[in-house]
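To start, the structure under review is shown below, and the notes come after it.
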Amino acid sequence: MVTINTASFSSIATLSVIQMRNVSASYDSKSFVLKNVSMNVKRGSNYAIVGASGSGKSTLLKLMNGMMIPSDGVVLYNYQKPDLKNKQYRKSISKIGYIPQTLGLVKNSSVLDNVMIGGLPRLNSINSFFKNFPKEELQHAHDVLKLVGLDEKSNRKVHMLSGGEKRRVAIARALMQKPDILLADEIVSELDAVTAREIMDVIRDAQKKFNLTAIMIHHDMNLALEYANRVAVIKEGDKVLEIGVEGDKIIDFQTGDMSQKEILEMYNES
Amino acid sequence: MNPKNNLLIGAVIAIVVVMSYDVGVDPIAFAEGLPNLGIVLKEMTEFESEHWGTAFWAMLETIEMAFIGTILGVVISLPLSIFAARNISSKYVYAPLRALLAATRTFPSILWAILFVIVVGLGPFAGILAITLYTIGFISKLQYESIEAIDYDPVEATTAIGLSKLQLIRYVIIPESAPHLLSQILYMFDYNVRQTSILGIVGAGGIGFYIINYIKFFEYGKAAVFMLVVLITVLIIDWVSVKIRDKYIMKAQHGQQVKVKTN
Ligand SMILES: Nc1ncnc2c1ncn2[C@@H]1O[C@H](COP(=O)(O)OP(=O)(O)OP(=O)(O)O)[C@@H](O)[C@H]1O
Ligand SMILES: [Mg+2]
């Protein structure tokens, strides 16, 4: 396991949302993108993951939400093994709010339709087919749109939005999932510094409001340090700054543990 | 022009010459027969104007047939195209279905019309069935191709959210593949009007019945009236399609700011 500051397991709030044990991942069954990675994401934690391009950050998130099956080791979500073929499990992952690096919005649909997608796992086939949404679902959509600041543009087609607005839609869709954890893959990397902070503030508000555990991949270490209270660095190669089992590529530390300067030095070294 | 291109062009010309000889292309017969064309054309300009009314009603029937056939065909195509898309359906469903759809496209609708005349008898209904079948083959192909070409990112993202297959189709696949549908329907209707205009030749209804009969009995002046009505109709439909396309499709694809050129 990666974490050293093992908090007490006495209260339910400290229980793991996601556990990864000695997980390896490969796309071609020849070379590994991640090897022997362990991580324990406790409820209520606010993680940032950083690392060089191609180091396996996106892969790590896909392992967490079950989109990718590890070639070795186990991933547990709420102590369950992922299985997308299993209807019961599909219902349970519908509570993993996931924002992929490409956002994955339906560009020809309206903002509202995109947001409603997040709530579809709660609807039966007939109602969802005829877009017959219950009142409370529409209310919830309205609330999350308001929170991300897009309630005025809910009928706008997504392809007509700005980059920042598209990210707000993706956040709203994730919040519509009524998630207990939010996974976001470089959601602000392509934005200018001002917009990036606006978006991060939206997420921070949502985290507070919905009491969300969050794991966010960042390109910019400064943003990671500013918004997360734990940072994990994925390192390339064998050089392991190890906290955890042998072979770990992940360095995990609490943002308060080191000075900003030390962290940036260590990061730049890697 | 490099030597390689010259060689290729020379080869193509040689092949055309050899094949022409093989199938009996005869330029002399064409030259000798040209005066006949003059006679036909001259007779055609002698419109027999009491036929305009009949021609109009026959054209209306043709348009109705084409319209019904197009709409029926499109409605049936939509679910079929989803079953025929490789990125959604299982191999055991899409492979036979695609073969079947390919078969319906292999023969022109006039051959299907002959078949349906045998099945349901002479008249417009046989023609409608032929047009419907051909439309199914065509629109399904266009649609499953646009379904297969959709962006994979939203599919992945919504699968991770836990959508069922039906929800995925309804909220991602259809909205992402539908923008081309209107333009495909317009194209198909345009095409079907022209197809339906000749189905009368085999007794499957529409204006073609009159055209073929008058030509058979050398009444070119009467045939010309009907042909002219077809021509005008096709031009009008073409013009209306362009207007609809400009108004709805350009906007949908490029946002509101596109200016439609007005002249
Ligand atoms: N679908 C895929 N098929 C094959 N290889 C892949 C696939 N996705 C990622 N990879 C490879 O796996 C490695 C890790 O990719 P990943 O996307 O996890 O990196 P990342 O850390 O998110 O990078 P970035 O910061 O550029 O987004 C890369 O070498 C990449 O080429
Ligand atoms: Mg990535």
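In order, the protein sequence lines correspond to chains A and B.
Each step along the first sequence adds one to the number in the numbering used here, with nothing skipped, and position 230 is 230.
Each step along the second sequence adds one to the number in the numbering used here, with nothing skipped, and position 139 is 1139.
We put the beta carbon where it would ideally sit given N, CA and C, even for glycine.
Computed from a prediction, not measured in an experiment: that's the story for all the values here.
Here's the rule I'm using: 16 or more other beta-carbon atoms within 10 Å means buried, otherwise exposed. How should Tyr1210(B) be labelled? buried
Who are Val23(A)'s beta bridge partners in DSSP? Val37(A)
Note the first and the last residue of the continuous beta strand (DSSP E) segment covering Arg230(A). 230–234
What residues from chain B crowd round Gln177(A), counting only those whose CB sits closer than 7 Å? Ile1161
In the DSSP assignment, what residue or residues form a beta bridge with Leu76(A)? Gln19(A)
Any C-beta of chain A under 9 Å from that of Ser1164(B): yes
In terms of DSSP beta bridges, what is Tyr47(A) paired with? Ile215(A), Arg230(A)
DSSP three-state call for Asp201(A): helix, strand or coil? helix
Write down the C-beta distance between Gly119(A) and Met176(A) rounded to the nearest angstrom, noting that I regard them as a contact closer than 8 Å. 5 Å
List, from N- to C-terminal side, the beta strand (DSSP E) runs of 3 residues or more that fit wholly inside the segment 133–214 of chain A. 181–185
Any heavy atom of ligand 2 closer than 8 Å to the beta-carbon of Asp185(A)? yes
Taking C-alpha atoms, which residue in Leu1034(B), Leu1060(B), Ser1164(B) lies nearest to Gly1206(B)? Leu1060(B)
DSSP state of Lys1091(B), grouped into three classes? helix
Does any CB atom of chain A fall closer than 9 Å to the CB of Gln1195(B)? no
May I ask you to list the residues that DSSP assigns as paired with Lys42(A)? Ser16(A)
What is the residue span of the beta strand (DSSP E) that Gly1069(B) lies within? No beta strand (DSSP E) holds Gly1069(B); the alpha helix (DSSP H) holding it covers 1052–1084.
Under 9 Å between C-beta atoms, does Thr1062(B) make it to chain A? no
Only counting the same chain, and skipping five residues up and downstream in sequence, which positions put a Cβ closer than 6 Å to that of Ile217(A)? Ile49, Lys57, Asp185, Glu186
Does Asp248(A) pass the burial test, meaning 16 or more other C-beta atoms within 10 Å, or should it be called exposed? For Asp248(A), the pLDDT reaches just 36, beneath the cut-off of 50, and the residue's location in the model is therefore unreliable, although a value from the coordinates is still provided. The residue in question, Asp248(A), is buried, as its Cβ has 16 or more Cβ neighbours within 10 Å.
Output yes if chain A places a C-beta closer than 9 Å to the C-beta of Val1018(B); else output no. no
Considering only heavy atoms of ligand 1 and the C-beta of each residue, which residues fall inside 5 Å, strictly closer? Tyr27(A), Val33(A), Ser53(A), Gly54(A), Ser55(A), Gly56(A), Lys57(A), Ser58(A), Thr59(A)
Residue burial classification, Ala1014(B) (beta-carbon count within 10 angstroms, cutoff 16): exposed
Closer than 9 Å at the beta carbon, the chain B residues around Thr59(A): In chain order: nothing, as chain B lies at least about 13 Å away.
Look at the alpha carbon of Arg204(A) and the alpha carbon of Asp72(A), and state the distance between them as a whole number of angstroms. 34 Å
Considering just the uninterrupted stretch of the alpha helix (DSSP H) at Ala1114(B), what are its terminal residues? The residue you asked about is not Ala; residue 1114(B) is Ile in the sequence shown. Run containing Ile1114(B): 1109–1120, per the alpha helix (DSSP H) assignment.
Within chain B, partners of Lys91(A) - CB distance below 8 Å: Gly1162
Buried or exposed: Gln1195(B), going by 16 or more other Cβ atoms within 10 Å of its Cβ? buried
Going by the beta-carbon positions, is the gap between Ala1113(B) and Val1202(B) smaller than 9 Å? yes
Exposure of Val1075(B), with buried meaning 16 or more beta-carbon neighbours within 10 Å: exposed
With respect to 8 Å, is the separation between the Cβ of Gln139(A) and the closest non-hydrogen atom of ligand 2 below this value? no
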